[in-house]
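*Asks:* Those letters in the sequence shown? Residues 2 to 203, by my numbering. Dumping the structure here so I can ask a few things about it.
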Amino acid sequence: MAHEVPPLPYDYKALEPHIDEQTMHLHHDKHHQAYVNNLNGALEKHPDLGSKSVEDLLRNINAVPEDVRTVVRNNGGGHSNHSMFWAIMKPSGGGEPNGPIADQIKKDFGSFEDFKKQFNDAAAKQFGSGWGWLIWDGKLKIMTTANQDSPFMQGHFPILGNDVWEHAYYLKYQNRRPEYLAAWWNTVNWDEVNKRFEQAKK
Ligand code: MN3
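Following this line, the structure appears as structure tokens:
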């Protein structure tokens, strides 16, 4: 069964003014679709991998046949990362986190403000294209990956992640990545992040 881009769970302009409508169209309809097309193209050569979830492929990336491993890494990573990304945002999102993730952030980072500062700092410093992540490793930790590499490849469950490829922000913010990083928190869907936090601890 072929992989598919999940439909955006809100309108393309719903995250304005933080993320603009044109960026959402290009990002979701073109970039994410291209990752899915490339992933499906690679998997056609190995029908035995067709039944695996993209997360399972990434968790065992070294078991993927060598002739398609890099394509699966980049495009399977791109598919998984973006599927998470659309889901953890919502219109009129942001504000202070709630529920268990709020308590854990306080425990592991001192305060939400300190966590945001550390996360934005790490994501701003990611050289070139990549992602900033919040993962669970017995405690909450911030990490970054290059390109479309996924925390799943390192055995970690991504609770929350922000895309720092230029395609995520360049139309509106140009080279001002820190401005995009600061604005992005106004889109976060903390209910969804809490669901992912539950999954991460399993
Ligand atoms: Mn992207």
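Glycine included, each C-beta is placed from N, C-alpha and C at the ideal position.
Kindly indicate the opening and closing residues of the beta strand (DSSP E) around Lys142.
*Replies:* Along the sequence shown, read from residue 1 onward, the residue named residue 142 stands at position 141. Leu141 to Ala147 is the span of the beta strand (DSSP E), which, as asked, contains Lys142.
*Asks:* Measuring only the C-alpha atoms, how far is His157 from Arg178?
*Replies:* Numbered from its first residue, the sequence shown carries residue 157 at position 156. Numbered from its first residue, the sequence shown carries residue 178 at position 177. Using only the alpha carbons, I get a separation of about 25 Å.
*Asks:* If we call anything under 7 Å between Cβ atoms a contact, is Asp109 one with Leu58?
*Replies:* On the sequence shown, residue 109 is found 108 positions in, with the first residue counted as 1. On the sequence shown, residue 58 is found 57 positions in, with the first residue counted as 1. Taking 7 Å as the Cβ cut-off, Asp109 and Leu58 do not qualify as a contacting pair.
*Asks:* Helix, strand or coil for Asn163, going by three-state DSSP, please let me know.
*Replies:* Within the sequence shown, the letter at position 162 stands for residue 163. Three-state DSSP puts Asn163 in a strand.
*Asks:* Would you check whether the ligand MN3 has a heavy atom nearer than 6 Å to the C-beta of His26?
*Replies:* As a first step, residue 26 must be located in the sequence shown, where it is residue number 25. The answer is no for His26.
*Asks:* Buried or exposed for Asn82, going by 16 or more other Cβ atoms inside 10 Å?
*Replies:* Position 81 of the sequence shown, counted from the start, is the residue given in the question as residue 82. That one is buried.
*Asks:* Excluding sequence positions up to five away, which residues of its chain have a Cβ less than 6 Å from the Cβ of Phe121?
*Replies:* As a working note, residue 121 is residue 120 in the sequence shown. Checking the sequence shown, residue 121 turns out to be Asn, not Phe. Only Leu182 meet the Cβ criterion.
*Asks:* Between the beta-carbon of His80 and the beta-carbon of His26, is there less than 7 Å?
*Replies:* By one-based count along the sequence shown, residue 80 stands at place 79. By one-based count along the sequence shown, residue 26 stands at place 25. No; because the gap between Cβ atoms is not below 7 Å, this pair is not in contact.
*Asks:* Around the C-beta of His33, are 16 or more other C-beta atoms found within 10 angstroms, so that it is buried, or is it exposed?
*Replies:* By one-based count along the sequence shown, residue 33 stands at place 32. Buried.
*Asks:* Is Met85 helix, strand or coil when you go by DSSP?
*Replies:* For the purposes of this step, residue 85 is taken as the residue at position 84 of the sequence shown. Three-state DSSP puts Met85 in a helix.
*Asks:* Would the beta-carbon of His80 be found less than 6 Å away from any heavy atom of the ligand MN3?
*Replies:* The count along the sequence shown starts at 1 and reaches residue 80 at position 79. Result no, Cβ not under 6 Å from the ligand MN3.
*Asks:* Rank Ile143, Gly42 and Gly95 by C-alpha distance to the C-alpha of Ala124 and give the top, closest one.
*Replies:* Here residue 124 corresponds to residue number 123 of the sequence shown, with the count starting at 1. Out of Ile143, Gly42 and Gly95, Ile143 has the C-alpha closest to the C-alpha of Ala124.
*Asks:* May I ask which residues mark the beginning and end of the alpha helix (DSSP H) holding Trp137?
*Replies:* Reading the sequence shown from its first residue, position 136 is the one you call residue 137. From DSSP, Trp137 is part of no alpha helix (DSSP H) but of the beta strand (DSSP E) over Gly131 to Trp137.
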